[in-house]
Amino acid sequence: MESNKKYWKGLEEYKNTPDFVENNKNEFAEPLPIEDVLNEAGLSTVTPRRDFLKALGFGLGAVTLAACQTAPVHKSIPYLIKPEEVVPGIPNYYVSSYNGQSILVKTREGRPIKIEPNPNAGAFNCGTDAQAQASVLDLYDVSKLKSPQLKSGNSLTESNWSKIDAFVKGELNKAQASGKKIRIVSSSVNSPSTKAVVADFISAYPNTKHVQYDPISYTGIIKANENSFGKAVVPKYNFDKAELVVSFSADFLGTWISGEEFTSQYIANRDYKSLAKGKMSRHFQFEAGMSLTGTNADTRVPVKLSEEGPALLALYNAVTGNSLAGASLPNNTTADKVIKLLGKELLQNKGKSLVVCGSNDVSTQILVNAINSAIGSYGTTIDLDNPSKRYAGNDAEFAELLNEMNRGEVAAVFFLDTNPAYDITNTKSFTDGLAKVALKVSFADRSDETASLCDVIAINHNYLESWGDANAYEGYYSIVQPTINPVFNSRQAEESLLIWSDNPVKEYYTYVRNNWEKNILPALGKEWKDVLQTGVFAAAAKPAGAYTFSQSLTAVIPTIISNSKALAKDIELQVYESIPMRNGKHANNAFLQELPDPVSKVTWDNYIALAPKFAEKLGFKEFDIVSITDDKYTIELPVLIQPGQAQGTASIALGYGRNKAGKAGDNVGKNAFPFVSFTNGTFKYATTVKLTGTGKREELAQTQTHHSFEGRNIIREATFKEYKKNPAIGSGNDHAKHKSYDMWDKYEKPGNNWVMAIDLNACTGCGSCIVACNVENNIPVVGKEEVRKRREMHWIRIDRYYSFNVEGGEDEGAHGSGHGTHGSTGINAVTKEKEIAHLDNLDNVSVVHQPMLCQHCDHAPCETVCPVLATVHSSDGLNHMAYNRCVGTRYCANNCPYKVRRFNWFNYWNDSRFDNYLNNEFTQLVLNPDVTTRSRGVMEKCSMCIQRIQGGKLQAKMEKRPLKDGDIKMACQEACSANAIIFGDGNDPNSEVSKALRSERIYYVLEEINVQPGIGYMTKIRNTDTTVQA
Amino acid sequence: MSGHNESILREPLITGSDITYAKITDDILMPVENKPNRAWWIGFILSLCGATLWVVAVSYTFWFGIGSWGLNKTVGWAWDITGFVWWVGIGHAGTLISAVLLLFRQNWRNSINRSAEAMTIFAVICAATYVVSHMGRPWLAYWVLPLPNQFGSLWVNFNSPLVWDMFAISTYFSVSLLFWYTGLLPDIATIRDRATGVRRKIYSIFSFGWSGNVKTWQRFEAVSLILAGISTPLVLSVHTIVSMDFATSVIPGWHTTIFPPYFVAGAIFSGFAMVLTLLLVARKVLGLENYITMFHIESMNKIIILTGSIVGVAYITEFFIAWYSGSEYEQYAFINRSTGPYWWAYWMMMTCNVISPQLLWFKKIRTSIPATWILSIVVNIGMWFERFVIIVTSLHRDYIPSSWAMFYPTWVDVSVFVGSIGVFFTLFLLFLRVLPSIAIAEVKLLLKSASEQAKMKQIKEGHLDKEQVAEYVESLEKFDSVKQEEYAKI
């Protein structure tokens, strides 16, 4: 009911007087004297004092207001029409794939900022490697070209696509008309669509041939399988089915074929879940240089490069009972002994073992096939029917191309995803030959070593800007979809080829879709939409056939023996792919340059690795620069003393020494590709060199400079044999612990209690987590000079410790790591610096990798000493760091027993001395907007990805449900192929982490100082059996 | 005090045969009332160069960041906190001399307390500069003060020894300044009374209207005693708290309960050494041999032997406890100190602090001015190394061997330290020019009782035991300011 009350403002209104009625019509009760002021008289009146003050006040106020400009105006333009799927602050994920790994690309406000493994990939979700994690930075690389380049006169200049298309088509028609050859040179292509584009191109220009060339070649394996079984493929290896793994210099956990995938398979037989079932595989490694895989082996035997062939022959003899000649290892009794015992063990494990070899020599790989056939690997641990498609390079075809170019038979050459001017052994032959080619086109994104010699640089998209697909294994397809509009004026290489071959379909997206809808999807019974959502499709695997090796070895043995003899002189040099730098393609990626090598912990450089005793014999000390010469090439590199390196050998990493990579990657290290040789139809990564001292010295930038753990119980290990008797052995859980007393109040953790468990048996030390953490948490890259000053900023690091096994047992003054844990474990290693100095034999080295990050101690020593409460404890068990409150006394870092706190010594993002990373607005687009960037003078450290915890909580809240175990994953955990990092809520007894922390193997690093760390480590278990102990 | 004669066995505190009250005033005010001599100018210019270097180095640090120092992820403190503790330690002697010795009625302090206190104040200023400059964001240094703020309930962390440190140092500085200035009042008044023109006006303001009547003197004495009472605990507390910066941590080599007494002894040790370094030069250049006598020098040397030996025992105790604790980290920390990569720093410390002061047991050495001066500098070098050893060698190899690292100073580290010495001497030399370097009023107190003249008068009166007189005369032989021939007659 409406109120009929009436309010009146005065008696006049109440009475409604005529005056009121009259006045009420006007806006103002009294007329304003505007007329008076504006008329002549008004203007001419003398300004009274009050008006003067009013004018003055107004004037001052107006001027002040006008002068009040807020902070500089940035041109942030809101969406005029907001895209439906973009919500500021909410990330979008797109499936894609990188180098055979199925990934999710996290984008924020249209910017790709993080790569994560694709959980939909099922068995093919094997985590991501460091390259995949770091690849997002390549998108924001300022060293890339902004538009395509066309040669005018003697130099390449910026051009546009129509000019380039006209030029290339003209030249192609000329080439075709002249009848000369057209060549497309690329690294291995497994993308079905790219293959189809190339095929279409070839049908348009029939003189064309596609040459696939990989700087790190697997031609040896492909040819050997062709020879042995008639299948020219890289097989699918099943490390998960192998209970006994034997590797001859194959770094299968790192760089060999697909490290992240093999890691995930290999660890399945060694991690805490497998150990809980009482199962652990055994792994033997025979190699010259210390590889990541070698550091994880149960038994690692250093063998010279020249001994590899004889060692394989010896193993062949041992498993088959044959007595082939040349199988003797006169100078390596250890290897000889181990191989004899290993032969027996392989036969006991028939069908459950796997022998792999890193050699690219066809004969050697044929011998390996014979061994694998003898131990029944085919059909079980080796699958030839669902082969890997990652590598298809043919070294001989590429060598022939060089000849064709030099003979002047090639009229046009296209370089797709390849850079031979940098990574071939004979650069001169390549450049001379290239000069004779009329049309040289590169699809590189920058003017790299090869592209700068070309007539056209048709800059390709970054893969995050591209459409595409991949076919890493037979029957396994994944999609590549763009996550951002092309940043620069680039065009996808495939699209360029389509245009130049006048294909009816010019748009590559349409081409890919047509190709899938026509050739791939019908067989799978799926639609294009499904592809975009799940990203991967795997057809049912074909049954793996059991192949038997039935060829004669008589042809290959002389080659193996002569190869071995050729290497047995001077110093045997191995050139290898390093984990951070791989083949050098991503040399300009600052994250990768600063990723420490998992074994040597060196960043921003390559070096020549020599065994300690061997270096001593040669008279070189660590960091001495030596000159390395074979008959045609010489470089100077600093020496790195590498325990475990075979005596008489040296190792140098490939992938360094680029000079046209960009700001970060130029002139980092030296190029070792010229040491690669081409013999017997394949590239060989071994040669012999002479070393001479130069008298110069240069300290390498290592993130770790002390390499032994000094018998401290921070590392706890045991053998598998002991573990089977007592799972708590070595962990300190096998006896009563000291009672601890506490002066402190206990923190109440009513909601969640975020804790972590790290399985030292699973961690291989690959470093993928380090890069994942860098990207997720906007961690600055500091450069070589600062790393050398021990100022790298990594929040998670992997501590790598060497210990030396002595023969003869306990009475030799060796203090095992069991020393500190009171448990007498069978591991009998020398771990103290001063004792190591007195050892005669440093070849038998064991390695342990320990990921170290903020332990989020409940009694955190950092928290008590901060004068301003910048670091405090949260009610969910985390140690918080309030950057804005930090004044930078660094007391917390001093008082951290784990030394995981990192100080911002400079303004890394705004200081011209750190030009290799964030010092430009473009690269800053890679920053994760959920994580504050830190200014100079503040401390930082692992936050347990607090932004992810918060994000997970909010997501659960929005969905009105409690948090589930696994909702929140740390960046490091997600990237880990080995599942070595387990994170979760310790208050939930059923969470994965709670279960893991109840393991008997769990111990806490430095628990005796009662800082109550939140991260439990599981003991390192080594499957060393005394009968085959090296 | 002057009512009866002092025992003849006591050595004179003022030497010279023609000392009068007027002469004392003239002698002490000579540098204040006259133009500076060449020696002062040379010293001042050198010090000013040092101070400029400090300004350059600190500005460089502020501009580019702490990264311009040699610190790293493992060693977060090095020359900065070494310098800080070194200066605070030096600042200890002043209060000890002025307060503790006053309470114990040690009259010999009267000649040296003024300079020692000035030294204290300047040393604490040098230390305080490190507190600010070592911070990553020095412009926020005031956040360590418990100031009311608009950050909500954000307060300082009263658990943090750095907060205690801030309280300790600021209290110490203010009390020292107050004590020093109170003592200066009668002397400033003396200068005022003798000055003319603008100088008179200035000194008149700073003398706070000192009238010199009996009531004023009585109150002056009372205030001095009260301030001495307040200062005495501070002598112990300041360095105790500084030592807790280390002792409350978990780092092996820092985490030690012995630190408070050991640090206090070390501080007194270095403080007296610095007083000697300064006054041995000042007495010569300013002609104050009659007031700062061999007795003073020898007394201070004795304190140096005592405190140096305490420090030595502390070093050995640390080793014993490290062994006895059975803690491998603790044991390693100490083995590493003496035999690790920084062994030279450790043995430098041992030589300078423990071995060389033992030379002072020899009377010849402790009464030799050149030897004393050199030893006083050696002690301060040793004390710098002590702090370096504690800070750097403990940090550089602690629990987790993967993080072990070395510390290498940069030019900025060195310049900030050398520059702080320049700042210190600049302030000290300016002090010598504007204020009396010896407490005039307090020295005058001693003239009638404890001076060589008064003793001579006693001897001449002839009521004394002959043996005692002989002993007294013998004790005068070491004095470089006593005319020995006058005693030959007796």
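Chains A and B are the protein sequences, given in the same order.
If you use the numbering used here, the first sequence closes out at 1030, no skipped numbers anywhere.
If you use the numbering used here, the second sequence closes out at 1520, no skipped numbers anywhere.
Where a beta carbon is used, it is the ideal one built from N, C-alpha and C, also for glycine.
What do you reckon, are the CB atoms on residue i and residue j nearer than 9 Å?
i	j	result
T889 of chain A	L1192 of chain B	yes
K670 of chain A	L691 of chain A	no
V1305 of chain B	G1124 of chain B	yes
Y1004 of chain A	Q855 of chain A	yes
T249 of chain A	G358 of chain A	Checking the sequence shown, residue 249 of chain A turns out to be Ser, not Thr. It is a contact, given that the beta carbons lie within the stated cut-off.
S1479 of chain B	N1035 of chain B	yes
R390 of chain A	V234 of chain A	yes
S1145 of chain B	L1043 of chain B	no
S228 of chain A	I366 of chain A	yes
A196 of chain A	Y511 of chain A	yes
N919 of chain A	N910 of chain A	yes
Quick one: what does DSSP say residue i is sitting in, helix, strand or coil?
i	result
G230 of chain A	coil
G813 of chain A	Note that G813 of chain A scores 37 on pLDDT, short of 50, meaning its location in the model is unreliable; the coordinates nonetheless yield the value given after this. G813 of chain A falls in the coil class under three-state DSSP.
V142 of chain A	coil
P83 of chain A	coil
S155 of chain A	strand
Y98 of chain A	strand
T299 of chain A	strand
L253 of chain A	coil
C763 of chain A	coil
L60 of chain A	helix
D967 of chain A	coil
F1392 of chain B	coil
H1164 of chain B	coil
M1018 of chain A	strand
T17 of chain A	coil
S824 of chain A	Note that S824 of chain A scores a pLDDT of 47, beneath 50, so its modelled location is shaky and nothing firm can be said.
Leaving aside the five residues before and after residue i along the sequence, list all residues of the same chain whose C-beta is less than 7 Å from its C-beta, in chain order.
i	result
S740 of chain A	N1010
K749 of chain A	S875, D876, G877 and N987
S708 of chain A	Y801, Y802, S803, T831, K832, E833 and I836
E1501 of chain B	L1039
Tell me which same chain residues have a C-beta within less than 6 Å of the C-beta of residue i, skipping the five on either side of it?
i	result
I1489 of chain B	V1499
Y508 of chain A	W467, Q492, E494 and E495
V868 of chain A	R885 and V887
Got a sec? Which residues, its chain only, sit under 8 Å from residue i by beta carbon, not counting five neighbours each side?
i	result
A1459 of chain B	As written in the sequence, residue 1459 of chain B is Leu, which differs from the Ala given in the question. Same-chain partners within the cutoff: W1070, G1073, F1074 and S1077.
I1395 of chain B	L1389, A1401, T1402 and L1405
K5 of chain A	none
Y14 of chain A	W8
List the residues that DSSP assigns as beta-bridge partners of residue i.
i	result
S578 of chain A	A:R582
W754 of chain A	A:D985
P117 of chain A	A:I103
Can you give the beta carbon distance from residue i to residue j, rounded, assuming they're within the 8 Å contact cut?
i	j	result
T687 of chain A	K569 of chain A	At roughly 11 Å, the Cβ-Cβ gap does not stay under 8 Å, so T687 of chain A and K569 of chain A are not in contact.
R901 of chain A	K941 of chain A	5 Å
R1367 of chain B	V1422 of chain B	The pair is not a contact, with the Cβ atoms about 10 Å apart (cut-off 8 Å).
M1379 of chain B	G1338 of chain B	Between G1338 of chain B and M1379 of chain B the Cβ distance is about 12 Å, and since that is not below 8 Å, they are no contact.
V531 of chain A	I479 of chain A	5 Å
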